[in-house]
Amino acid sequence: MSNSASTLFDKVWDAHVVRKIEDGPDVFLIDRHFIHEVTSPVAFLGLETRGISVLYPERTFATADHNTPTINQHLPVEDPLSANQLKALETNTAKYGISHWGLGNPKNGIVHVVGPENGITLPGMTIVCGDSHTSTHGAFGAIAFGIGTSEVEMVLSSQCIMQPKPKKMRITINGTLGKGVTPKDVALFIISQITASGATGYFVEYAGEVFENMSMEGRMTVCNLSIEMGARGGMIAPDQTTFNYLEGRELAPKGEAWENALAYWKTLKTDEGATFDHELTYEASQIEPQITYGTNPGLGTGITQKIPTASAVKDGEASYKKSLNYMGFAENEEIIGKQVDYVFLGSCTNGRIEDFRAFASIVKGRKKADNITAWLVPGSHIVEAQIKEEGILDILTEAGFLLRQPGCSACLAMNDDKIPAGKYAVSTSNRNFEGRQGPGSRTLLASPLVAAAAAVTGVVTDPRELL
Amino acid sequence: MAYDKFQILTSTAVPLPLENVDTDQIIPARFLKATKREGFGDNLFRDWRYNGDDSLKQDFVLNNPTYSGKILVAGRNFGSGSSREHAAWAIYDYGFRCVVSSFFADIFKGNALNIGILPVQVSPEFLDKIFQAIEADPKAELVVDLPAQTISIAATGESESFAINGYKKHNMLNGFDDIDYLQSMKEEIKTFAEKSLY
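Chains as they are written, first to last, in the numbering used here: chain A, 253 to 719; chain B, 15 to 212.
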């Protein structure tokens, strides 16, 4: 390491470069590799075809989440294609001796929820998974990003991938967030400001009071959505909040190893005077609860605002009009009061305990609106257990809601949790793309508070009126 | 998985002048359930290509016999969203070898290069010229010259250069992939990995 000031990102990246290729990518060592049933089978097949094996099976962790059902998980999976993928994951992990938290395992859940909650994700690590929301793990001061299946095969066989080093961006937000403004709103706000491709080519560090004062769950939500602004990943320097969250987690270091790790983790911050390729600064007071109205996450605004005119957005006019047409919306319309048919609480973005607490804080003492179908899906069995222990389940049940079982669910609708064509869903997930939540589905991305407000009123509602 | 070498590609092109074409449009999640890399081209742009009853949407460009070729030309921020390599597989399996846009999402770009699709990033102005050339003559040919790192419109000779790093260029020209490279340096990786903190 040189004496000059360096960024958190540089410190972690540079410590993992095995070889620099001239006029090419870095050969980059991966500390932790997560796999799931959808993007791994072809990688394992590739190993077979080439006659090569898994180099470090103990550095890869598997969980089943993308196509698993969220009801009746004790029964055989009905869809034969999904069942086949789940079986393939079980067979492949058993063959190579890779840890596997399959359906029914008490540790099962969404990969980006179970990694952190079991202490697999640690500061200073490099973490990849065949899933773009791997950026979530950056909340711990790790470099974490999504990869393709060819790269899954590379990590399995060599624990490395070939990566050009991205450029660096810092996004600083100081001040205090207003009532009803959550980490989800912070992320959707940034994306609405810089567009869904505003950070493409960059790795983002989030800095400032807003992130320093945020819980680990909140930081995970923000880092999770880094990919939705085009960034490969986002990270936040580890601090006492991080260390408190990790201490005692099952796979986190213990005793002397913990003390040694802690000493190293405390060095993981951007030095005074270190430079970034791009810097953005906002104030917390600029941010109100957010909601999206279009078909990419950049097409969002404050919930009290109107849908912008084509001239006010950075997307091309043809794409913007196609987007509003798909949503059944028009320029200049109010978003408050819009019809809602479905509410989805869950996903790797907002499927953690804090999200269920937030949702419960609004539905407590109220009733689910009759026109709403609500799918509340915890991110893991550990989250599910916490919901029960904390009495949140009683609040939800009293208000007329059912709790489903863990999985990715309606976020990408690979299982049966599909929003029907033409219906509107206020969703705490991460993508409002055409058909993302089911063919013809229309998604409005928002925080758990906005989702809860819609769930009890039946329309898009400012949650601040219900707090 | 090895792929065919890419040298100089001369072909007509299919225009898709939309921005932010995400990988959920390229291949919806419900078609990711295979355990083998086969048949993904059938579901390329599934929900833009087919109605709910599996009949063809006549107004979508892939269903218009006027347009064909091995090059897909699309608006900016192509391939955003999910990291699913299936999107690149679907494009390759359908028969495209090159995607031209003024801007690519990072993960898609990497996936494309890893499986033998050449992503060619051009200026917004040159992208407009290509769209205009195809609109004027759907049989207009583009020439993508990887050794020279240029793309040109055959009829007018207008040309622009594009960037690709030397390592990836060498791989594309020869049909090599990263796994071969990594296997060749396994001892170096092991020495490094065993000193690693984690």
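Positions of the beta carbon are idealized from the N, C-alpha and C atoms, including for glycine.
From a predicted model like this one, the values you see are computed outputs, not experimental measurements.
Hey, how far is the Cα of residue i from the Cα of residue j?
| i | j | result |
| --- | --- | --- |
| A/Ser305 | A/Arg311 | 14 Å |
| A/Ser571 | B/Trp62 | 14 Å |
| B/Asp192 | A/Gln411 | 13 Å |
| A/Asp593 | B/Gly66 | 21 Å |
| A/Ser254 | A/Val363 | Unreliable placement is indicated for A/Ser254, whose pLDDT of 48 sits below 50; the coordinate value is still reported in the next sentence. Computed Cα separation, rounded: 35 Å. |
| A/Val433 | B/Val75 | 43 Å |
| A/Gly450 | A/Gly507 | 43 Å |
| B/Ile22 | B/Asn188 | 12 Å |
| A/Asn577 | A/Arg683 | 18 Å |
| A/Phe261 | A/Ala621 | 46 Å |
| A/Ile425 | A/Asn476 | 17 Å |
| B/Met199 | B/Asp36 | 35 Å |
| A/Gln492 | A/Gly460 | 15 Å |
| A/Ile671 | B/Phe190 | 42 Å |
| B/Asn34 | A/Thr447 | 10 Å |
| A/Ser699 | B/Asp159 | 48 Å |
| A/Asp278 | A/Val407 | 14 Å |
| A/Pro642 | B/Gly180 | Contrary to the premise, residue 642 of chain A reads as Glu rather than Pro in this sequence. Roughly 57 Å separates the two Cα atoms. |
| A/Glu480 | B/Arg44 | 21 Å |
| B/Glu155 | A/Arg302 | 38 Å |
| A/Leu514 | B/Gly83 | 57 Å |
| A/Val294 | B/Lys50 | 6 Å |
| A/Leu701 | A/Gly430 | 13 Å |
| B/Pro79 | B/Ala150 | 16 Å |
| A/Val269 | A/Lys263 | 11 Å |
| A/Phe581 | A/Ser384 | 29 Å |
| A/Ile720 | A/Lys675 | No answer is possible for residue 720 of chain A: the residues shown for chain A start at 253 and end at 719. |
Show which residues of chain B have a CB atom less than 7 Å away from the CB atom of residue i.
| i | result |
| --- | --- |
| A/Cys412 | Leu196, Ile203 |
| A/Gln337 | Lys47, Thr49 |
| A/Gly568 | Glu33, Gly89 |
| A/Asp283 | Ser210, Tyr212 |
| A/Ser334 | Lys47 |
| A/Gly687 | Asp38, Pro42, Asp61 |
If I'm right that residue i touches residue j with Cβ under 8 Å, what's the distance once you round it to whole angstroms?
| i | j | result |
| --- | --- | --- |
| B/Arg98 | B/Leu132 | With 8 Å as the limit, B/Arg98 and B/Leu132 do not qualify as a contact, their Cβ atoms being about 19 Å apart. |
| A/Pro721 | A/Ala396 | A question about residue 721 of chain A goes unanswered here, because the residues of chain A that appear run from 253 up to 719. |
| A/Val712 | A/Leu697 | Between A/Leu697 and A/Val712 the Cβ distance is about 12 Å, and since that is not below 8 Å, they are no contact. |
| A/Asn319 | A/Asn584 | Not confirmed; about 40 Å, so no contact. |
| A/Ile399 | A/Phe313 | That belief does not hold up - the Cβ atoms of A/Ile399 and A/Phe313 are roughly 15 Å apart, past 8 Å. |
| A/Ala626 | A/Ala707 | 5 Å |
| A/Tyr545 | A/Ile555 | That pair is no contact at about 10 Å. |
| A/Asn357 | A/Glu502 | 13 Å between Cβ atoms; not a contact. |
| A/Ile379 | A/Arg284 | 5 Å |
| A/Ala651 | A/Arg604 | That belief does not hold up - the Cβ atoms of A/Ala651 and A/Arg604 are roughly 20 Å apart, past 8 Å. |
Starting from residue i, find everything on chain A with Cβ-Cβ shorter than 9 Å and list it in chain order.
| i | result |
| --- | --- |
| B/Met186 | None at all; the shortest Cβ gap to chain A is about 12 Å. |
| B/Ile193 | Gly298, Arg302, Ile304, Ser402, Glu405, Met406, Ser409, Ser410 |
Interface residues of chain A around residue i at Cβ under 8 Å?
| i | result |
| --- | --- |
| B/Ala119 | Ser449, Thr452, Gly482 |
| B/Lys19 | Chain A residues near B/Lys19: none, gap ~17 Å exceeds 8 Å. |
Could you work out which residues of chain A lie near residue i, taking near to mean beta carbons separated by less than 7 Å?
| i | result |
| --- | --- |
| B/Ile129 | Ser402 |
| B/Ile105 | Going along chain A, no residue has its Cβ under 7 Å from B/Ile105, so there is no contact; the nearest lies around 13 Å. |
| B/Tyr181 | Ile273, Asp275, Gly276, Pro277 |
| B/Phe206 | Val270, Leu281 |
| B/Gly124 | Gly400 |
For residue i, go through chain B and note every residue whose CB falls closer than 9 Å to its CB, in chain order.
| i | result |
| --- | --- |
| A/Arg683 | Asp36, Asp38, Gly95, Ser96 |
| A/Thr291 | Leu46, Ser97, Arg98, Glu99, His100 |
Kindly list, in the order they appear in chain B, the residues whose Cβ is closer than 8 Å to that of residue i.
| i | result |
| --- | --- |
| A/Met666 | Ala43, Arg44, Leu46, Lys47 |
| A/Tyr308 | Ala207 |
| A/Ala340 | Thr49 |
key: Residue ranges of each alpha helix (DSSP H) within the segment 309-349 of chain A, 4 or longer   = 332-348
Under 7 Å (Cβ pairs) to chain B, residues found in the segment 449-477 of chain A = Ser449, Thr452, Gly453
Using a beta-carbon distance cut-off of less than 7 Å, what residues from the segment 377-401 of chain A approach chain B? Answer in chain order: Met377, Gly382, Asp383, Ser384, Gly398, Ile399, Gly400, Thr401.
Please list the residues of the segment 133-154 of chain B that have a C-beta atom closer than 9 Å to any C-beta atom in chain A, keeping them in chain order. Listed by position, the residues of the segment 133-154 of chain B near chain A (Cβ gap below 9 Å) amount to none.
Threshold first: 4 residues or longer. Then list the alpha helix (DSSP H) segments lying entirely within the segment 133-195 of chain B, N to C. The alpha helix (DSSP H) runs lying completely inside the segment 133-195 of chain B and spanning 4 residues or more are 138-150, 180-188, given in chain order.
Open item on the list: Please identify, using Cβ separations under 8 Å, the residues of the segment 57-88 of chain B that lie next to chain A, in order along the chain.
Closed with: Asp61, Gly66
Using a Cβ-Cβ cutoff of 9 Å, what residues of the segment 572-584 of chain A are near chain B? List them in chain order. Tyr572, Lys574, Ser575
| Between the segment 605-616 of chain A and chain B, which residues of the former have a C-beta closer than 9 Å to a C-beta of the latter? | none
* Asked: In the segment 153-173 of chain B, which residues sit with their C-beta less than 7 Å from some C-beta in chain A, listed in chain order?
  -> Of all residues in the segment 153-173 of chain B, none has a Cβ within less than 7 Å of some Cβ in chain A.
Just to confirm the assignment: which complete alpha helix (DSSP H) runs, minimum length 4, are found wholly within the segment 395-465 of chain A? 401-410, 435-446, 461-464
*Write down every uninterrupted run of the beta strand (DSSP E) in the segment 517-543 of chain A whose length is 3 residues or greater and which is fully enclosed by it, in chain order.*
530-535
#### Entry: Contact residues within the segment 690-713 of chain A, judged by C-beta distance below 8 Å to chain B
Pro691, Gly692
Discussion item. For a minimum of 4 consecutive residues, which ranges assigned as the alpha helix (DSSP H) are wholly contained in the segment 541-591 of chain A?
Written reply: 569-579
query = Can you list, in chain order, the residues of the segment 337-369 of chain A whose Cβ is nearer than 7 Å to any Cβ on chain B?
reply = Gln337, Ala340
Discussion item. Going residue by residue through the segment 59-143 of chain B, where are the continuous alpha helix (DSSP H) segments of at least 4 residues, counting only ones entirely within it?
Written reply: 60-63, 100-108, 120-129
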